[in-house]
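Chemist:
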Amino acid sequence: MIALFSTLNIQMHKQEKLKWWSVLFIHCYHGISTFLNYPSTGLTNDTHHF
14 MIALFSTLNI
24 QMHKQEKLKW
34 WSVLFIHCYH
44 GISTFLNYPS
54 TGLTNDTHHF
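Numbering (my numbering), first residue to last: 14 to 63.
#1: Ends of the alpha helix (DSSP H) at residue 22?
#2: Using the C-alpha atoms, what's the distance from residue 35 back to residue 17?
#3: Can you name, in chain order, every residue of its own chain whose Cβ lies under 6 Å from the Cβ of residue 31, other than the five neighbours on each side?
Shown next, in the form of structure tokens:
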């Protein structure tokens, strides 16, 4: 039971790291896309809130 919990905990930790990286990537991508499409910032800013 404890072994199962520890493996589950490791899996969750990996997933958290992956989630964090994906959020970071989305933020960077969004920043770049807003920089490139400067006129449409008002529209995109409302849809991306983490």
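A virtual CB, placed ideally from N, CA and C, is assigned to each residue, including glycine.
All values derive from a computational prediction rather than experimental measurement.
Modeler: In short, the structure shows the following:
#1: As a working mapping, residue 22 is identified with position 9 in the sequence shown. Residue 22 -> alpha helix (DSSP H) spans 15-49.
#2: Numbered from 1 along the sequence shown, position 4 holds the residue referred to as residue 17. Numbered from 1 along the sequence shown, position 22 holds the residue referred to as residue 35. Cα to Cα, the separation comes out at about 27 Å.
#3: Within the sequence shown, numbered from 1, the residue matching residue 31 stands at position 18. The answer is none, since no qualifying residue turns up.
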